[in-house]
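Taken in sequence, the protein lines are chains S and V. Residues 502 to 611 in the working numbering are what the first sequence spells out, letter by letter. Residues 10 to 310 in the working numbering are what the second sequence spells out, letter by letter. Structure record follows, encoded as structure tokens.
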Amino acid sequence: MIAAGIGIAFGLIYGWVINPIQYTDITPDILREDYRADYVLMVAEAHQSDHDAETAARRLAILGSDSPALIVASTLDYANNNDFTQNEIMLLQGLLTAMQTYQPQGATAP
Amino acid sequence: MKIIHILLALLIGLGLGLAYSWRISPVTYVDANPAILRADFKDKYRVVIAASYASTHDLERARVRLELLGDTDPTGELSAQAQRMVGAGESFENVQPLAQLATDLQQGFASLPPTPVAFVSTPLVNTPIINMTEAPATNTPTEEPLATEAQSTVEAITPTPTSPFAQTALAPVAASPFAPRPTFTPVPPPGDPFTLVGQETVCEPGSKSGLLQFILMDARRKQIAGIEIIITSPQGEDHSFTGFKPELGNGYADFVMKADTVYSVRVVTGGASVPDISAPTCKDPNGASYLGGLMLTFQQP
């Protein structure tokens, strides 16, 4: 019994610490928060010049199942708490406004 | 006999432990970096980087962002993706930002000036930076080995909150009126015609058969990216764009001709059609025939 317990312990240490499963094909929804914020900022920078809410929403959609507005809002919180420049915050605010008023094609206004 | 039982118990335990840690409850990523994104998501990431660059023209920042994807040749990946998108029938408008970014990375400067922005007084940007060699700093997100970056939910390891990004102190180009500007790549005005100034037969046994190469230059003989070329044959029409292979020149484009087919070539941004283009027949040193190529050089007056 003791030997089996030692074997299990070794197996767990090996599988979790020494040689854990390595992921290589992840989806963007588990990106670290700073990378997610930078991605959203890029979308905001692009949106600044093309003003294409549909494209921006589509680009944000790969970050998870939250609504685009919620994704931008949480990024804006992050930006406000993490020394983003005033211009970057303005860009994110602009994108947030666009996403809050954005109606997906086919959706009807309330 | 007792030792055999102990070894057997150890092995069974080891197997159970591995099964649990690899199958039942493997390490789960919660704070991944873009380098391990699936290939299609990396493509989308590059598109967004290029779209952002098309808006800001901040080449250094775009370069740093591309490095996050961990490509060994970021410029080559951009070009390859641009070509894949063209091959998949994407519109030129969608592909052009990638080609432009690849071209600018190749030449080392932005071909258009940075876009003036409303607030330019803060000289800091927040792009995460890669630090492959140094130990991770407390508040600098760095690329870490996968094994250490992985956070096991079973072990309930909570990632240390990071304060945002290492601050890359780039000069705010738009804010400093005396900062030296890069040389701009001239954008050809609409209607400025390209004329054929050179047509060379390319007979190199090792080269691709029937390769029709284009070089497009402005009046100062500077190669120009983003020009559409239409190649027409009895089988239909093909489109090619300069700038998708910046390693061969910003004004370079190519097309593979078939044997015994006559093409006409037209540069879309002005310029007359060049008729009767066909792959020449060349002979190698042993006298054997093979399909050669052509190089057409167009220039604005």
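Even for Gly, the Cβ is constructed at its ideal location relative to N, Cα and C. Please read these numbers as outputs of a predicted model, since none were measured by experiment.
Check your understanding: Between which two residues does the alpha helix (DSSP H) carrying alanine 60 of chain V extend?
Key -> 48 to 65
- prompt: Using Cβ-Cβ distances below 9 angstroms, what residues of the stretch 509 to 528 of chain S are close to chain V?
  reply: Ile509, Ala510, Phe511, Gly512, Leu513, Ile514, Tyr515, Gly516, Trp517, Val518, Ile519, Asn520, Pro521, Ile522, Gln523, Tyr524, Thr525, Asp526, Ile527, Thr528
Practice problem: On a CA-only basis, which of S/Met600, S/Gly516, S/Asn520 is nearest serine 34 of chain V? Give me that one, please. | Solution: The alpha carbon of serine 34 of chain V has as its nearest neighbour, out of S/Met600, S/Gly516, S/Asn520, the alpha carbon of S/Gly516.
query = So which residues of chain S does arginine 47 of chain V contact, with C-beta pairs closer than 7 angstroms?
reply = Asp526, Ile527, Thr528
Tell me the DSSP secondary structure of serine 273 of chain V in three-state form.
strand
Express the C-alpha separation of leucine 221 of chain V and aspartate 293 of chain V in angstroms, rounding to a whole number. 19 angstroms
Cβ of leucine 87 of chain V within 9 angstroms of any chain S Cβ: no
### Best match in V/Leu303, V/Gly296, V/Leu257 for proximity to lysine 267 of chain V [C-alpha to C-alpha]
V/Leu303
(request) Grab me the residues of glutamine 105 of chain V's own chain with a C-beta within less than 7 angstroms of its C-beta, minus the 5 sequence neighbours each way, in chain order. (result) Gly235
**Q.** Beta-ladder partner(s) of alanine 41 of chain V, from DSSP
**A.** In the DSSP assignment, the residues bridged to alanine 41 of chain V are S/Leu532.
Check: Excluding five sequence neighbours on each side, which residues of the same chain lie with their C-beta closer than 8 angstroms to the C-beta of leucine 46 of chain V?
Finding: Tyr54, Leu78
query = With 16 other CB atoms within 10 Å as the buried threshold, where does leucine 596 of chain S fall?
reply = buried
Does the pairing of the stretch 502 to 520 of chain S with the stretch 556 to 565 of chain S give three or more beta-carbon distances under 8 angstroms?
no
Requested in this report: Answer yes if the stretch 552 to 561 of chain S comes into contact with the stretch 68 to 84 of chain V, meaning at least three C-beta pairs across the two stretches below 8 angstroms, and no otherwise.
Outcome: no
- Straight-line Cα distance separating leucine 27 of chain V from serine 120 of chain V: 55 angstroms
With leucine 221 of chain V as the anchor, note down where its beta strand (DSSP E) starts and where it stops. 220 to 226
Just the C-alpha distance for proline 202 of chain V and glutamine 308 of chain V, rounded to the nearest angstrom, thanks. 8 angstroms
*Where the alpha helix (DSSP H) containing threonine 556 of chain S begins and where it ends*: For threonine 556 of chain S, the enclosing alpha helix (DSSP H) stretches over residues 554 to 562.
Query raised in the report: Among V/Arg32, V/Trp31, V/Thr84, V/Ile58, which has the Cα closest to the Cα of proline 43 of chain V?
Result: It is V/Ile58.
**Study point:** Proximal residues to lysine 11 of chain V (C-beta, below 8 angstroms), its chain only, five neighbours per side dropped
**Key:** none
Open item on the list: As a quick exercise: from V/Gly296, V/Thr241, V/Tyr261, V/Gly260, pick the residue whose alpha carbon is nearest that of serine 287 of chain V.
Closed with: V/Thr241
Whole-angstrom Cβ separation of leucine 577 of chain S and glutamine 594 of chain S, contact assumed at under 8 angstroms? Yes, leucine 577 of chain S and glutamine 594 of chain S are in contact; Cβ-Cβ is about 7 angstroms, under 8 angstroms.
Check each candidate in V/His14, V/Ala89, V/Arg70 and name the one with the smallest Cα separation from glutamate 256 of chain V.
V/Ala89
Requested in this report: Classify valine 265 of chain V as buried or exposed, calling it buried when 16 or more other Cβ atoms lie within 10 Å of its own Cβ.
Outcome: By the neighbour-count rule (16 or more Cβ atoms within 10 Å), valine 265 of chain V is not buried but exposed.
**Q.** glycine 258 of chain V, enclosing beta strand (DSSP E) - first and last residue
**A.** Element bounds for glycine 258 of chain V: n/a, residue is neither H nor E.
Cutoff 7 angstroms; reference alanine 545 of chain S; Cβ partners in own chain excluding five residues on either side:
Leu592, Leu593, Gly595, Leu596
(message) Considering only their Cβ atoms, is the gap separating isoleucine 507 of chain S from leucine 19 of chain V smaller than 9 angstroms?
(response) Taking 9 angstroms as the Cβ cut-off, leucine 19 of chain V and isoleucine 507 of chain S qualify as a contacting pair.
Mind checking proline 298 of chain V: buried by the 16 CB within 10 Å criterion, or exposed? The sequence as given places serine at residue 298 of chain V; proline does not occur at that position. Label assigned to serine 298 of chain V: exposed.
Nearest chain S C-beta to valine 57 of chain V closer than 9 angstroms, yes or no?
yes
#### Entry: Backbone secondary structure at phenylalanine 585 of chain S - three-state DSSP
coil
Beta-ladder partner(s) of glycine 245 of chain V, from DSSP:
V/Ser242
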